[in-house]
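Peer 1: In this note's numbering, each residue carries its 1-based index in the sequence shown increased by 1.
Where is the CB? At the ideal position from N, CA and C, for every residue including glycine.
Model, not experiment: these values are computed from the prediction.
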Amino acid sequence: MRWTHRRERNVVAALLTQPGRRMSIGALVDWAWNEDEVRPREPRGALYKCVGRIRQALDQAGAPAKIVAISGGYQLEIDPELIDFHAFRSAMRRAHELSDQDEHRKACEVARAALALWRDEPLAGITSEPARNWRTSVTANHWIPANTFLLSELLAVGRPDEALLLLDELSQECATELWFAMLRLQALTAVGRYAARNEYYLDMYRYFRRTGDDQAAEDLRALQDHLRAPEPLAAGTDPVPVNRSGAPPAPLRELPRDVAGFTGRADVLADLDSALTPAGEAFVPTVLVVTGPPGVGKTSTVVHWATKAASRFPGGVMLIDLHGVGPAPRVEPADVVGALLSALNYPVDQIVGAAGRAARLRSLLSDRPMLVVLDNAEDTTHVEPLLGVLSDCAVIVTARRRLKALARRQQCPTLTLAPLSDEVSAELLRRRLGERSAREPDATARLASLCNGLPLALTIVAERAASRAGSRLQTIVEQVRDPATLLTIGDDGDGEEMNLYLAFSWSYQCLEPAAQQAFRVFGLHPGPEAGVEVLASAAGVPVTEGRRALDLLVAAHLVQQPGDGDRYRIHDLFHHFARALNTPGTPVDGPRRRMVSYYLHTAHNAHRIVHPREGAPKMPPVEPGCRPDRFTDPLAAMRWCLRERANLTAMAGYAAAHGLDELAWRFPHVTGPILNRFGFFDDVIATLTVAVRSAAASGDDLARMACLNDLGYLHLLTGHDAIAETHLRQALELATAHDVPVAVLSAKLNMGHRHRHAGRLAQAAALYEECAVTAREIGDEERQAKAAHNLAKTLAELDQPFRALEHLQQALLLRRKLGDAPGLVETHIELVGVHTDLAEFGAAHAHCRAAIPLLERVRDLTAVMRLHTARANLALAEGRLGEALRFAREAVVFAERSHTATGEARALTALGNVLVRRGEVEPARTAWSRAAGLYRDRERHRRADRVERQLAELAAVPDIPDARVGDEDTVALPAPPGRHSS
């Protein structure tokens, strides 16, 4: 039967172990959930639902079984002979009866048929503790005795060759058991292989002595003495297989089936061609490593290439799964040698000793070299012992981790498989889904994108779609949009479970504990990219230890290192897998607090070095084990903030979401001033919005007041004046209620900006004057300078340039006294504009020259844009049209880069003015139209009106022929409206 979930399979398996007997609810709960699964809060309720689904499935299938509730438990009513394990036990009882009656041949056949019922590991895939205990018990008490019985019966009826074959099959599980060794000695004696028997006896005798089992060694010696007899074969003589036909043996073709509809990887296939068969037909004996993350398609790519290239290798091709990563026991080099000899029809068991077998294999391969694929190697030590034996062959090693030691020592090339592109992923799905993908192309593309380029994920999704032929692909998109679902789908109850979570888990389990911790910590990080410093701080380890752990993750392809620096990136699906590893009970609070503490304190250190005069909230203590970065250079501090911008923006919300509100509200106050310089206003608004909520959650009215004020200011900058006014009034109310003069002053200054933007210039001027007086009275020179500067801007717009100059000079003096470089740049730029409007060009140039070196220190993109706009207006007023055009165009570019809509509108207005003077009417119309639209969008209606009047007047301006365009031959027209009118 096919079960919808492994839970049903586990419960049915538990009941099948005890047919007709009651199993308690508690026992069934213990059976039902595997070790790697988190139990629900109410497992009994989940079990009741599970039993209900099983009953329904049994009824629908007409199965001869029934689950009944009895005495607080459940019982499966079924004929025991329908259960393979119980049928096996009955058959073995019959075999023993036949042996007791001296019917040894019949006993062999019955025992062989009974053992054939063991088709796989008992209860394969069920890893709960009761299942493990049951599996261990039946193996020891039933399977091993059954095999021992069959071996004894085969020897009794004179079929020792069959006994040896069975012993070979059992060697992986039982090779070190005394009963196995004794039976093998008897079988080797019976076939007359005395030299092999003697060497095997010595190996096993020494093994038992070495492991301290002296009694087993003596028992084996006693049997050897008893078996010793005249030996017709000389010691050390091994038979050689004879090819009686005289024809060369057929080349091997031992490969898994090629993937139907294999897609992509043309570059990798070409690299395999050039490395292994550069001449097209002849091959080169070499070693090549194919590596990449789990699920990326290493094996399928190699199999596809080997299938096409098989004819180029005289001895053929063979793939051996080394099980380096995964649930199966690892295949050792000696086992690989044996497997290759067997594949070449060589009697392996006639060569005793690993060295002899390796020598024989190398001799055989020297005559007929082949391609050997050593698939799924664990590490370099796993495959390196084989390379000498395979020196005449072409060898491809696939591995999940980077085999750097192998590449270095063997000088072998390495091909690293990256995830497929979205286009190739979509093509793979189209080939698998056929007409359904043509009916829903958008859903197919979305499915491909969700799989993140991993062929395993694409295959699982395609199989899920195929098993749900009646479902729309869009429905499956909605299902796998949740990464947790995409990680776990794939178990259909038909054999071994396979899903992305298991595939990733095998890689994770191979890691050192420090690397496992680093991977789980990366799962706590909100973004896909992080520096080694934050991950080491979150883990509470020194950076050197953190770097080594991350390097191990890079080697295992669980994270990537995209550049030369100490930054690491994690694939989306691996990121979700890492998050899933942080299950309830995993200590996450400490790493999470250290991570937030690292970002907050490093950002604070950057803020202090870039804005030494600006205040910041009092910082909480650094978390123990956290090591924030420090800066001595403002440029390095700004670069760090820009590089970490996405993480810093996310961190405020991350901290709030995990109850760290006292840290969350502080973020925009230490990141905003730097990010504002580069026009990342949306990021600062996002963090301030979170900060307002976190400050309220913390019960800190003063913090909420500061956040509301700053949020209102940012909304003013971005043209959302109505929203800004709401926040500013709230901030003003809180400041007044708590009697915080500085906060009241800040909120009133920002309200002045609101009046000015709305065209209420007289109200704005009055409020600025009030603020200047208040600032002077409380001794706040910084805000006094801001009030004077903004009053001057307002007076200039009111066509009072001389009063504006007076207040700008006052602001300039105050800012020089304070050493306020950003403020000085702002005031110098404003002075350039006022002096330009007054045709005082010398003074305007003097302020340009003063602003330029300050900008080198400040590195404020918005200020750069404003200076270029001012210089464009100055050059235009002086009739230097070429220079004016250059400055205006650069101003537009800087405005776009700084995401400043009103600044872009000013730059476009200046550009339109220049273009009109150059006679380029249509480009000017385009520039002014864009400027007017930007002003309207930002509710700067007064400025929009003025630009639109210029557009209306533009129709009357005749085009100037191209021949007259240029600084040297253009007669200056009257100056355009002052730049404050725009």
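Quick check: the Cα distance between V533 and F632, rounded to an integer number of angstroms?
Peer 2: The sequence position of residue 533 within the sequence shown is 532, counting from 1. The sequence position of residue 632 within the sequence shown is 631, counting from 1. Taking the straight line from one Cα to the other gives about 17 Å.
Peer 1: With 16 other CB atoms within 10 Å as the buried threshold, where does V745 fall?
Peer 2: Taking the sequence shown and counting its residues from 1, one reaches residue 745 at position 744. Result: buried.
Peer 1: How would you write the range of the alpha helix (DSSP H) that D722 sits in, first residue to last?
Peer 2: Counting from 1 along the sequence shown, the entry for residue 722 is found at position 721. D722 -> alpha helix (DSSP H) spans 722-738.
Peer 1: My guess is that L451 and R482 are in contact by the Cβ rule of under 8 Å, so how many angstroms apart are they, rounded?
Peer 2: For the purposes of this step, residue 451 is identified with residue 450 of the sequence shown, where counting begins at 1. For the purposes of this step, residue 482 is identified with residue 481 of the sequence shown, where counting begins at 1. 6 Å between Cβ atoms; contact.
Peer 1: By the DSSP assignment, the alpha helix (DSSP H) with V893 in it spans what residues?
Peer 2: Here the question's residue 893 lines up with position 892 in the sequence shown. 882-898 is the span of the alpha helix (DSSP H), which, as asked, contains V893.
Peer 1: Does the segment 109-118 come into contact with the segment 55-75, if we say contact requires no fewer than three beta-carbon pairs (one atom in each stretch) closer than 8 Å?
Peer 2: no
Peer 1: What did DSSP end up calling E985 once you bin it into helix, strand or coil?
Peer 2: Nothing about residue 985 can be reported from this structure: the residues present for the chain run from 2 to 983 only.
Peer 1: Quick one: what's got a C-beta closer than 6 Å to A789's C-beta in the same chain, skipping five residues either side?
Peer 2: Numbered from 1 along the sequence shown, position 788 holds the residue referred to as residue 789. If you ignore the 5 residues before and after A789, its C-beta comes within less than 6 Å of the C-beta of A773, H808, Q811, A812, all in its own chain and listed in chain order.
Peer 1: With H, G and I counted as helix, E and B as strand and the rest as coil, what does DSSP make of A230?
Peer 2: For the purposes of this step, residue 230 is taken as the residue at position 229 of the sequence shown. In this prediction, A230 scores a pLDDT of 47, lower than 50, which makes its location untrustworthy; the coordinate-derived value is nonetheless stated afterwards. Coil at A230, not helix or strand.
Peer 1: Could you check whether the segment 360-368 touches the segment 337-344, counting it as contact only if at least three pairs of C-beta atoms, one from each stretch, sit closer than 8 Å?
Peer 2: yes
Peer 1: Straight-line CA distance for P231 to A176?
Peer 2: Looking up residue 231 in the sequence shown gives position 230. Looking up residue 176 in the sequence shown gives position 175. With a pLDDT of 42 at P231, under the threshold of 50, the predicted position of this residue should be treated as unreliable, though the coordinate-derived value follows. Looking at the two C-alpha atoms, the distance is approximately 27 Å.
Peer 1: Considering Cα atoms alone, identify which of S538, Y206, H576, A14 is closest to D630.
Peer 2: Translated into positions along the sequence shown, residue 630 becomes position 629. Nearest option by C-alpha distance: S538.
Peer 1: G79: buried (16+ other C-beta within 10 angstroms of its C-beta) or exposed?
Peer 2: On the sequence shown, position 78 is the one that residue 79 refers to. The sequence given here has Ile at residue 79, not Gly. I79 comes out buried.
Peer 1: On the three-state DSSP scale, how would you describe P20?
Peer 2: Here residue 20 is taken as the residue at index 19 of the sequence shown, counted from 1. Three-state DSSP puts P20 in coil, outside helix and strand.
Peer 1: Whose C-beta lies closer than 8 Å to the C-beta of T378 among residues of the same chain, with five residues either side of it excluded?
Peer 2: Along the sequence shown, read from residue 1 onward, the residue named residue 378 stands at position 377. In the sequence as presented, Thr is not what sits at residue 378; that position holds Ala. Once the five neighbours on either side are set aside, the close Cβ partners of A378 are L323, G325, V384, V398, T399, A400, L404.
Peer 1: I need the boundaries of the alpha helix (DSSP H) containing M752, first residue and last residue.
Peer 2: For the purposes of this step, residue 752 is taken as residue 751 along the sequence shown, with counting starting at 1. 742-758 is the extent of the alpha helix (DSSP H) around M752.
Peer 1: What is the rounded straight-line gap between the Cα of A797 and the Cα of Q764?
Peer 2: On the sequence shown, position 796 is the one that residue 797 refers to. On the sequence shown, position 763 is the one that residue 764 refers to. Cα to Cα, A797 sits roughly 14 Å from Q764.
Peer 1: On the CB-based measure, 16 or more other CB atoms within 10 Å of its CB, does E219 come out buried or exposed?
Peer 2: If you number the sequence shown from 1, residue 219 lands on position 218. Burial call: exposed.
Peer 1: Give me the Cβ distance between A217 and L184, rounded to the nearest whole Å; I'm assuming they're in contact under 8 Å.
Peer 2: Counted from its first residue, the sequence shown places residue 217 at position 216. Counted from its first residue, the sequence shown places residue 184 at position 183. At roughly 14 Å, the Cβ-Cβ gap does not stay under 8 Å, so A217 and L184 are not in contact.
Peer 1: Measure from the alpha carbon of Q951 to the alpha carbon of each residue in R473, L457, A932, S438, then state which is nearest.
Peer 2: For the purposes of this step, residue 951 is taken as the residue at position 950 of the sequence shown. Distance check between Q951 and each of R473, L457, A932, S438 places A932 closest, using alpha-carbon atoms only.
Peer 1: Taking the beta strand (DSSP E) that K984 falls in, what are its first and last residues?
Peer 2: Given a span of 2 to 983 for the chain in the structure shown, any question on residue 984 remains unanswerable.
Peer 1: What residue range is occupied by the uninterrupted alpha helix (DSSP H) comprising D274?
Peer 2: Working through the sequence shown from its first residue, we reach residue 274 at position 273. Taken as a continuous stretch (DSSP letters only), the alpha helix (DSSP H) holding D274 covers 267-277.
Peer 1: Could you round the C-beta distance between P618 and E663 to whole angstroms and report it? I think they count as a contact, below 8 Å.
Peer 2: Numbered from 1 along the sequence shown, position 617 holds the residue referred to as residue 618. Numbered from 1 along the sequence shown, position 662 holds the residue referred to as residue 663. With 8 Å as the limit, P618 and E663 do not qualify as a contact, their Cβ atoms being about 10 Å apart.
Peer 1: Between the Cα of R10 and those of D567, G126, D711, spot the shortest distance and give me the residue it belongs to.
Peer 2: Within the sequence shown, residue 10 is the residue found at index 9, counting from 1. Residue G126 is the option with its Cα nearest to R10.
Peer 1: For V865, is the classification buried or exposed, using 16 other Cβ atoms within 10 angstroms of its Cβ as the cut-off for buried?
Peer 2: Your numbering for residue 865 matches position 864 in the sequence shown. Result: buried.
Peer 1: Quick one: what's D376 bridged to in DSSP?
Peer 2: On the sequence shown, position 375 is the one that residue 376 refers to. D322, per the DSSP bridge assignment.
Peer 1: In angstroms with no decimal places, state the Cα-to-Cα distance between H577 and D684.
Peer 2: Reading the sequence shown from its first residue, position 576 is the one you call residue 577. Reading the sequence shown from its first residue, position 683 is the one you call residue 684. Approximately 24 Å, taken between the alpha carbons.
Peer 1: Suppose the cutoff is 7 Å on Cβ atoms and the five residues either side in sequence are ignored; what does the same chain contact list for R40 look like?
Peer 2: Residue mapping note: residue 40 aligns to position 39 of the sequence shown, counting from 1. The answer, listed in chain order, is W34.
Peer 1: Going by DSSP, what residue range makes up the beta strand (DSSP E) through R331?
Peer 2: Counting from 1 along the sequence shown, the entry for residue 331 is found at position 330. For R331, there is no enclosing beta strand (DSSP E), as DSSP marks it with neither H nor E.
Peer 1: Alpha carbon to alpha carbon, how far is V425 from S301?
Peer 2: If you number the sequence shown from 1, residue 425 lands on position 424. If you number the sequence shown from 1, residue 301 lands on position 300. Answer to the nearest angstrom: the Cα atoms are 15 Å apart.
Peer 1: Check whether the Cβ atoms of I686 and P742 lie closer than 8 Å to each other.
Peer 2: Locating residue 686 in the sequence shown gives position 685, counting from the first residue. Locating residue 742 in the sequence shown gives position 741, counting from the first residue. No; because the gap between Cβ atoms is not below 8 Å, this pair is not in contact.
Peer 1: Spatial neighbours of H612 within its chain, please: CB distance less than 7 Å, with the 5 preceding and 5 following residues excluded, ordered by chain position.
Peer 2: Locating residue 612 in the sequence shown gives position 611, counting from the first residue. If the five residues before and after H612 are omitted, its C-beta is found closer than 7 Å to the C-beta atoms of P674, all from its own chain and listed in chain order.
Peer 1: Can you give the Cα-Cα distance for G720 and R947, rounded to whole angstroms?
Peer 2: Translated into the one-based positions of the sequence shown, residue 720 becomes position 719. Translated into the one-based positions of the sequence shown, residue 947 becomes position 946. Here the C-alpha atom of G720 lies approximately 18 Å from the C-alpha atom of R947.
Peer 1: Residues in its own chain within less than 6 Å of A355 by CB, not counting five upstream and five downstream?
Peer 2: Along the sequence shown, one-based indexing puts residue 355 at 354. Counting only Cβ-Cβ distances below 6 Å, and skipping sequence neighbours, we find A335.
Peer 1: Comparing C-alpha positions only, which one of Y502, E891, P625 sits nearest to D37?
Peer 2: In the sequence shown, the residue the question calls residue 37 occupies position 36. Nearest option by C-alpha distance: Y502.
Peer 1: Take L289 as the anchor and find which of P295, T445, D274 has the nearest alpha-carbon.
Peer 2: Here residue 289 corresponds to residue number 288 of the sequence shown, with the count starting at 1. Among P295, T445, D274, the Cα nearest to that of L289 is on D274.
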